[in-house]
Amino acid sequence: MQVFDQNRRTAIAAGLAVLFGLALPAMAHDGPHQAGGTKPAKAGELGASAAIDAQGRLWIVSKETAGADQYVAVQTSIDMGQTWSAPRRVQQQPEAVSAEGENRPKIAFGSKGEIYITYTKPLAKPYTGDIRFVRSTDGGKTFAPPVTVHANRDLITHRFESLIVDREGRLYVAWIDKRDLEAAAARKKKYAGAALYYAVSEDGGASFKGDYKIADHSCECCRIALALNPQGRPVALWRHVFEPNVRDHALIELTPDGKLAPLTSMKRASFDDWRVDACPHQGPALAIAADGTRHQAWFNVKDGEGGVFYAATDASGELGKPIRLGSAQAAHADVAVTGKNVLLAWKQFDGKSTAILGKLSNDGGHTWQDRELARTQGASDQPRLLNTPSGFMLVWHTQHEGMRTVLLKGRQ
1 MQVFDQNRRT
11 AIAAGLAVLF
21 GLALPAMAHD
31 GPHQAGGTKP
41 AKAGELGASA
51 AIDAQGRLWI
61 VSKETAGADQ
71 YVAVQTSIDM
81 GQTWSAPRRV
91 QQQPEAVSAE
101 GENRPKIAFG
111 SKGEIYITYT
121 KPLAKPYTGD
131 IRFVRSTDGG
141 KTFAPPVTVH
151 ANRDLITHRF
161 ESLIVDREGR
171 LYVAWIDKRD
181 LEAAAARKKK
191 YAGAALYYAV
201 SEDGGASFKG
211 DYKIADHSCE
221 CCRIALALNP
231 QGRPVALWRH
241 VFEPNVRDHA
251 LIELTPDGKL
261 APLTSMKRAS
271 FDDWRVDACP
281 HQGPALAIAA
291 DGTRHQAWFN
301 VKDGEGGVFY
311 AATDASGELG
321 KPIRLGSAQA
331 AHADVAVTGK
341 NVLLAWKQFD
351 GKSTAILGKL
361 SNDGGHTWQD
371 RELARTQGAS
381 DQPRLLNTPS
391 GFMLVWHTQH
401 EGMRTVLLKG
411 RQ
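Take the sequence shown: its letter number 71 is residue 71 in UniProt numbering, and every next letter is one higher.
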């Protein structure tokens, strides 16, 4: 497999074909050097999300600024990132938009072709926000005005949202919420961390029901990972605050009616015993294979050293021994899976530049090959991994090169 860098106009042999045993190319495209490409964003506004619709079009959602005005904008590509449409704003009126890596706009698609977009709108008080939702029912030609997802309208944290659509077409939006922390403080009671809540739409985003509590005592500012299990139901993975103050991870399956039993159904999903009264701003990544194998990646401090780890469940459903990804500088991992093919990607800074490094497996994670997927000299977003009809794709928003895509072709 070869990686073609449009900036340098050189072909760098990357050897990625061995992932699937196929001599097919991996193409890297840097958006600003293509017709209609994205423009480099400010260093703190690079948070973007990507998804592929039923027609095979690649969609990007990110923040756009016009002077002091802020918007959410979408772009599409019919050639997997070689060229891009012009940005289209999804709001008629500007409003504040969070667009850093852990708290960025998100995009998903409904069962009837609806386009769903969520983002956090920061409010006047520091660390507060509302979860906003925008939808299109005509393929992105028009978008309905933004609405606030949660019923609670207190001036508190409603931030770090994630969204997913289940197999039945129901839309789930989960977020970090501090209403219970505020209530505890009013009673002069201690309360560790924040809480997780979610809302559900069963009518294509026309309305939401909730707010349903997932759990008390989540970490305050780490993104929530959502993935569908083989039954088509959403599973949430997040950094939890276990007693006395252990910042490990927890897992639970969400239900459309909000009827959860956290004490019996919430499971611990990492066991590093990291005790710290702080939030690392590094949420987990989750992918679930068709056979039910759970693949997860996360950041924690273990044996006194920070790092990114990966593990998968075995045939009994128990989590295997974690492996460290990269060096102590590794951060912000993502994971994608299809069949026995698994791709891991993470950021790593070497003192001069930032690389997206990867681990590739075609046997369910039993053996791995290490690869460098992309590199930049400037600021950058976290890596985003997608499943495409022909293979995995890395999407990476960088300050200097704009929106970059690396397509790893081939399936086993």
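Positions of the beta carbon are idealized from the N, C-alpha and C atoms, including for glycine.
It should be emphasised that the depicted structure is a prediction, and the values quoted were computed from it without experimental measurement.
If you follow the beta strand (DSSP E) that residue i is in, where does it begin and where does it stop?
i	result
Arg135	129-136
Val149	From DSSP, Val149 is part of no beta strand (DSSP E); its letter is neither H nor E.
Lys63	58-66
residue 422	This structure gives no information on residue 422, because the portion of the chain shown stretches from 1 to 412.
Glu243	Where Glu243 is concerned, there is no enclosing beta strand (DSSP E), given that its DSSP letter is neither H nor E.
Leu385	384-388
Tyr71	69-77
Asp370	369-376
Trp396	391-398
Glu45	Premise fails: Glu45 is in no beta strand (DSSP E) and is neither H nor E.
Leu407	402-409
Lys213	209-218
Phe143	Phe143 -> no beta strand (DSSP E), and no H or E assigned at all.
Arg159	158-165
Asp334	330-338
Less than 8 Å between the CB atoms is what I'm expecting for residue i and residue j, so what's the real figure, rounded?
i	j	result
Asn152	Asp211	6 Å
Phe299	Ala331	6 Å
Asp370	Lys352	Their Cβ separation, rounded to whole angstroms, is 20 Å, which puts Asp370 and Lys352 out of contact at 8 Å.
Thr405	Val395	5 Å
Ala108	Val165	5 Å
Ala328	Gly307	5 Å
Gly110	Arg167	So it is not a contact: roughly 12 Å between Cβ atoms.
Ala227	Leu286	5 Å
Val342	Gly365	5 Å
Tyr197	His150	7 Å
Glu202	Pro256	7 Å
Ala50	Leu386	6 Å
Please name the residue in the options whose C-alpha comes closest to that of residue i.
i	options	result
Asp350	Thr376, Trp368, Thr313	Thr376
Trp238	Ala225, Asp257, Gln93, Thr142	Ala225
Thr76	Arg88, Asp69, Trp368	Arg88
Asp53	Trp346, His366, Lys112	Lys112
Leu163	Pro105, Tyr191, Leu123, Lys188	Pro105
Val61	Val342, Ala86, Gly67, Gln82	Ala86
Ile176	Ala183, Ala194, Lys189	Ala194
Tyr172	Glu161, Gly101, Asp180, Lys178	Glu161
Pro230	Ala184, Arg247, Ala328, Ile288	Ile288
Leu181	Thr157, Thr367, Val246	Thr157
Gln348	Ser380, Lys409, Asp273	Ser380
Ala183	Asp154, Glu202, Lys209, Pro280	Asp154
His217	Ser136, Gln91, Glu243	Glu243
Tyr116	Tyr191, Glu95, Ala66, Arg170	Arg170
Thr293	Ala312, Arg324, Pro280	Ala312
Cys221	Trp59, Val337, Thr128	Thr128
Glu100	His397, Lys409, Leu408	His397
Ser390	Arg159, Gly283, Leu407, Pro122	Leu407
Val276	Thr118, Lys141, Leu357, Val301	Val301
Glu102	Ala73, Arg223, Phe309	Arg223
Thr120	Thr137, Glu114, Gln70	Gln70
Asp334	Ile323, Gly283, Lys178, Arg179	Gly283
Asp248	Gln92, Lys267, Gly204, Met393	Lys267
Gly339	Pro145, His295, Phe143	His295
His240	Ala215, Lys259, Leu254	Ala215
Across which residues does DSSP place residue i in a beta bridge pair?
i	result
Ile115	Phe109, Ser136
Thr313	Leu319
residue 415	Past the edges of the chain, shown from 1 to 412, lies residue 415, and the structure says nothing about it.
Phe349	Thr354
Leu325	Val308
Gln296	Leu286, Ala311
Glu100	Asn103
Lys267	Leu251
Tyr198	Ala174, Tyr212
Ala236	Leu226, Ile252
May I ask which residues mark the beginning and end of the alpha helix (DSSP H) holding residue i?
i	result
Arg179	179-186
Quiz item: Do three or more CB pairs link the stretch 127-136 to the stretch 45-53 at distances below 8 Å?
Solution: no
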